[in-house]
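Numbering (UniProt numbering) for the sequence shown: 1 to 88. Just so it is clear, CB atoms sit at the ideal spot from N, CA and C, and this is done for glycine as well. Since we're looking at a predicted model, the values are computed, not measured.
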Amino acid sequence: MTIGRKRQLLLFAVCLVCSGCNHAPSIDIIGSFFPVWMLCLAIAVALAFVVRHFLVRFNLDSEVGPVALFYPSVVILFTSLLWLIFFR
Numbered sequence: 001m002t003i004g005r006k007r008q009l010l011l012f013a014v015c016l017v018c019s020g021c022n023h024a025p026s027i028d029i030i031g032s033f034f035p036v037w038m039l040c041l042a043i044a045v046a047l048a049f050v051v052r053h054f055l056v057r058f059n060l061d062s063e064v065g066p067v068a069l070f071y072p073s074v075v076i077l078f079t080s081l082l083w084l085i086f087f088r
């Protein structure tokens, strides 16, 4: 492989890596721009509290297994779903 070909390949790789940073979705909240993932995460945490409330209400809280794994997983699930439904 020649030096010119290596340089072209390196330039192509750099362009691919940098193209992912082209557009960061953000929303305007009271004049400030926030990343959309922050909004999705905040709503997901609130939804996880709602899930916990219903689990406690119907006496199913003891059935979910390790709580330290369950609720962060619920937050990740809701965050991903909100992102996919509203912003993709």
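Item: Reducing DSSP to helix, strand and coil, say where P66 ends up.; Value: coil
Item: What separation, rounded to the nearest whole angstrom, lies between the Cα atoms of F34 and I27?; Value: 6 Å
Item: Exposed or buried, what is A48 when buried is set at 16 or more other beta-carbons lying within 10 Å of its beta-carbon?; Value: buried
Item: Residue range of the alpha helix (DSSP H) that F49 falls in?; Value: V36 to R57
Item: Compute the distance between the beta-carbons of T79 and C40, then report whether it is under 8 Å.; Value: yes
Item: Work out the CA separation of L55 and D61 for me, nearest whole Å.; Value: 5 Å
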